[in-house]
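Chemist: Quick one: the structure is below, questions incoming.
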Amino acid sequence: MCPEALHIASSLDGLNGRIALAIGAFDGVHLGHRAVLSTLLAQAERYSARPVALFFDPIPKHFFKPENQAMLLTTMEEKIRLLQSLGISEIVRMPFDRDLATLRPEAFASTYLFGNKNITLCSICVGEDWRFGHDNTGDVTLLTELSAQHSCEVVPVPGVLHGDTWISSSRIRRAIAEGDFNEANAMLGRKYTIDGEVIHGNEIATNSLKCPTANLLGQNLQLPPFGVYAARTRIEQSPPVDGIVYIGDAPTFRTDGNPIVELHLFNFNDSIYGKRISVEPVAFLRESRVFADSEALTAQIQLDIANAKRLLEETR
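Numbering follows this note's numbering, in which position 308 of the sequence shown is assigned residue number 322; successive positions increment by one, without gaps.
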């Protein structure tokens with residue numbers, strides 16, 4: 015399927031005509047989200063309307079408790095790309111602020127869902143436990159009542175089970191934090207990847223370790239346990255390239271404790287600074303640890319490369 019040209023708006027005011035709407039956080043665009051989105055596509059076809067996905071930025075629970083906000087499963091760019099790949103070419107990225115947070119459910123619906131007279135909102139698809147409005151006082155029952163006044167159908171979509179538990183972004187984060195990629199992949203419905211833009215690092219790996227690397231710009235993403243992984247990397251739309259990725263705080267050379275994602279690609283010499291890449295950790299090689307000096311680390315890296323090449327060849 016070739017996605018249509020993408021249109022991103024900050025509210026429904028930027029749209030017109032007949033639309034069907036899905037609302038959710040869509041962090042990870044996992045199988046639970048995809049159930050809502052597939053329902054959206056079916057409703058759009060039923061009503062001869064355009065499918066539109068709406069999410070808030072930041073995620074409301076992150077807005078209310080920034081000190082306790084969970085790591086994200088996808089960057090904003092990757093979330094939008096995944097939505098588009100499913101056939102959603104119109105996206106509303108609605109800013110979430112204090113004014114929006116204090117609105118009663120009825121005021122939110124009348125102002126933000128049904129306030130644009132240039133659109134006909136035919137259908138709204140949400141997870142069956144979706145809440146909205148001040149203090150989460152609005153639920154699907156209230157949304158259905160409010161939408162009926164505008165001849166708009168509300169479709170609550172049941173969650174999706176994996177094993178005997180519902181799929182959720184928090185459950186996927188736990189699997190990734192434990193390094194259980196098979197579990198994460200099963201709930202995501204795709205391979206888990208770390209996505210970001212390649213930035214300039216401190217060039218320690220190139221100059222001291224004789225192992226040129228690319229560094230990813232961190233964006234509050236959920237990371238697996240610190241260590242070295244055999245990896246496959248997709249650079250924008252190119253075929254994947256084999257390599258190794260280090261995820262950790264680089265204790266041999268750094269003391270700030272901030273995690274980094276540092277990638278070495280095999281048989282690859284092109285400049286990729288400023289490009290967006292997706293790194294798939296395929297297999298865990300070893301834990302992150304402190305080395306006595308750069309020579310010891312260089313020797314270990316060569317062993318890591320050899321082990322990664324063998325494992326990647328075995329998993330083709």
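For every residue, glycine included, the Cβ atom is placed at its ideal position computed from N, Cα and C.
In this text the structure is predicted, and so the values were computed from the model without any measurement.
Give the C-beta separation of Phe280 and Gly262 to the nearest angstrom, bearing in mind that I take them to be a contact with Cβ-Cβ under 8 Å.
Modeler: Here residue 280 is taken as the residue at index 266 of the sequence shown, counted from 1. Here residue 262 is taken as the residue at index 248 of the sequence shown, counted from 1. Incorrect: roughly 20 Å between the Cβ atoms, too far for contact.
Chemist: How should Tyr287 be labelled, buried or exposed, when 16 other C-beta atoms within 10 angstroms of its C-beta is the threshold for buried?
Modeler: Position 273 of the sequence shown holds residue 287. So Tyr287 ends up on the exposed side.
Chemist: Which residue wins for smallest C-alpha separation from Ser334, given the options Ile190, Thr247, Ser285, Glu276?
Modeler: Nothing can be reported for residue 334, as the shown portion of the chain is limited to 15 through 330.
Chemist: In this structure, does DSSP put Thr179 in helix, strand or coil?
Modeler: Counting from one through the sequence shown, the residue named residue 179 turns up at place 165. Thr179 falls in the strand class under three-state DSSP.
Chemist: Can you tell me which of the three DSSP states Asn30 falls into?
Modeler: Along the sequence shown, one-based indexing puts residue 30 at 16. Asn30 falls in the coil class under three-state DSSP.
Chemist: For the segment 91 to 107 against the segment 132 to 145, are there 3 or more C-beta pairs whose distance is under 8 Å?
Modeler: No: the two stretches stay apart, fewer than three of their Cβ pairs being nearer than 8 Å.
Chemist: For Asn321 and Ala123, what's the separation of their Cα atoms in angstroms?
Modeler: On the sequence shown, residue 321 is found 307 positions in, with the first residue counted as 1. On the sequence shown, residue 123 is found 109 positions in, with the first residue counted as 1. So the two alpha carbons sit approximately 56 Å from each other.
Chemist: Verify the contact flag: Asp270, CB atom, against every heavy atom of the ligand SAH, threshold strictly below 6 Å.
Modeler: Looking at this structure, you won't find the ligand SAH or any other ligand, since it has none at all.
Chemist: Could you give the uninterrupted runs of the beta strand (DSSP E) lying entirely in the segment 273 to 323, keeping only those of 3 residues or more?
Modeler: Correct list: 274 to 279, 290 to 301.
Chemist: Exposed or buried, which one is Met90 when buried takes at least 16 other CB atoms within 10 Å?
Modeler: Locating residue 90 in the sequence shown gives position 76, counting from the first residue. Under this definition Met90 is an exposed residue.
Chemist: Between Pro65 and Ile315, what straight-line distance do the alpha-carbon atoms span, to the nearest angstrom?
Modeler: If you number the sequence shown from 1, residue 65 lands on position 51. If you number the sequence shown from 1, residue 315 lands on position 301. Between Pro65 and Ile315, the C-alpha separation is close to 48 Å.
Chemist: Report yes or no: do the segment 45 to 54 and the segment 191 to 207 share at least 3 C-beta pairs separated by less than 8 Å?
Modeler: Short answer: they touch.
Chemist: Pull up the CB-CB distance for Tyr126 and Leu26, whole angstroms please, since I reckon it's below 8 Å.
Modeler: Sequence index remark: in the sequence shown, residue 126 carries index 112 (1-based). Sequence index remark: in the sequence shown, residue 26 carries index 12 (1-based). Right, their Cβ atoms sit about 7 Å apart.
Chemist: Please classify Ser4: is it buried, with 16 or more other beta-carbons within 10 angstroms of its beta-carbon, or exposed?
Modeler: Residue coverage of the chain in this structure runs from 15 to 330, which leaves residue 4 outside it and unanswerable.
Chemist: Given Thr266, which residues of its chain have a CB within under 7 Å of its CB, disregarding the five upstream and five downstream residues?
Modeler: In the sequence shown, the residue the question calls residue 266 occupies position 252. Cβ neighbours of Thr266 beyond the five flanking positions: Val304, Phe305, Leu311.
Chemist: Starting from the C-beta of Phe298, find all residues in its chain whose C-beta is less than 7 Å away, skip the five residues before and the five after it, and write them out in chain order.
Modeler: Position 284 of the sequence shown, counted from the start, is the residue given in the question as residue 298. So the qualifying residues of the chain are Gly193, Gly241, Tyr243.
Chemist: Would you tell me roughly how many angstroms separate the C-alpha atoms of Ala56 and Phe128, rounded to the nearest one?
Modeler: Residue numbering aside, residue 56 sits at position 42 when the sequence shown is read from its first letter. Residue numbering aside, residue 128 sits at position 114 when the sequence shown is read from its first letter. Their Cα atoms are separated by approximately 21 Å.
Chemist: To the nearest angstrom, how far is the alpha carbon of Ala121 from that of Leu20?
Modeler: Locating residue 121 in the sequence shown gives position 107, counting from the first residue. Locating residue 20 in the sequence shown gives position 6, counting from the first residue. Rounded to whole angstroms, Ala121 to Leu20 spans 29 Å at the Cα level.
Chemist: Name the DSSP beta bridge partners of Leu235, please?
Modeler: In the sequence shown, the residue the question calls residue 235 occupies position 221. Paired residue(s): Leu86.
Chemist: What would DSSP say about Thr266, mapped onto helix, strand or coil?
Modeler: Walking along the sequence shown from the start, residue 266 turns up at place 252. Correct three-state label for Thr266: coil.
Chemist: Give me the DSSP bridge partner(s) of His21.
Modeler: In the sequence shown, residue 21 corresponds to position 7, counting from 1. Answer by DSSP bridge pairing, in chain order: Glu104.
Chemist: Can the beta-carbon of Arg118 be found less than 7 Å from the beta-carbon of Gly147?
Modeler: For this step, residue 118 is matched to residue 104 along the sequence shown. For this step, residue 147 is matched to residue 133 along the sequence shown. Contact: yes.
Chemist: Under the rule that 16 or more other beta-carbon atoms within 10 Å means buried, what is Thr227, buried or exposed?
Modeler: Residue mapping note: residue 227 aligns to position 213 of the sequence shown, counting from 1. The residue is buried, with at least 16 neighbouring Cβ atoms inside 10 Å.
Chemist: Where does the unbroken alpha helix (DSSP H) through Glu250 begin, and where does it stop?
Modeler: The count along the sequence shown starts at 1 and reaches residue 250 at position 236. First-last for Glu250: undefined, no H or E at that position.
Chemist: Near Pro254, what residues of its chain come up, given a Cβ to Cβ distance below 8 Å and the 5 sequence neighbours on each side ignored?
Modeler: Taking the first residue of the sequence shown as 1, we reach residue 254 at position 240. The residues are Arg246, Thr247, Arg248, Glu294.
Chemist: Would you identify the three-state DSSP class for Leu135, choosing helix, strand or coil?
Modeler: In the sequence shown, counting from the first residue as 1, residue 135 sits at position 121. Of the three classes helix, strand and coil, the one that applies to Leu135 here is strand, per DSSP.
Chemist: Can you tell me the Cα-Cα spacing of Thr151 and Ser52, whole angstroms?
Modeler: What you label residue 151 is simply residue 137 of the sequence shown in a count that begins at 1. What you label residue 52 is simply residue 38 of the sequence shown in a count that begins at 1. The alpha-carbon atoms of Thr151 and Ser52 are separated by roughly 27 Å.
Chemist: For Phe78, which three-state DSSP category applies?
Modeler: Looking up residue 78 in the sequence shown gives position 64. The answer is helix: DSSP assigns Phe78 an H, G or I state.
Chemist: On the CB-based measure, 16 or more other CB atoms within 10 Å of its CB, does Glu159 come out buried or exposed?
Modeler: Within the sequence shown, residue 159 is the residue found at index 145, counting from 1. Counting Cβ neighbours within 10 Å, Glu159 comes out exposed, since fewer than 16 surround it.
Chemist: Go through its chain and collect everything with a Cβ distance to Gly173's Cβ below 6 Å, but skip five positions before and after it.
Modeler: Position 159 of the sequence shown, counted from the first residue, corresponds to residue 173. Here the set comprises Gly46, Trp180.
Chemist: Just checking my contact of Leu326 with Val296 at CB under 8 Å: how many whole Å lie between their CB atoms?
Modeler: Within the sequence shown, residue 326 is the residue found at index 312, counting from 1. Within the sequence shown, residue 296 is the residue found at index 282, counting from 1. Contact flag correct, Cβ pair sits at about 6 Å.
Chemist: Cα separation between Tyr260 and Leu231?
Modeler: Against the sequence shown, residue 260 aligns to sequence position 246. Against the sequence shown, residue 231 aligns to sequence position 217. Going by the C-alpha atoms only, they are around 14 Å apart.
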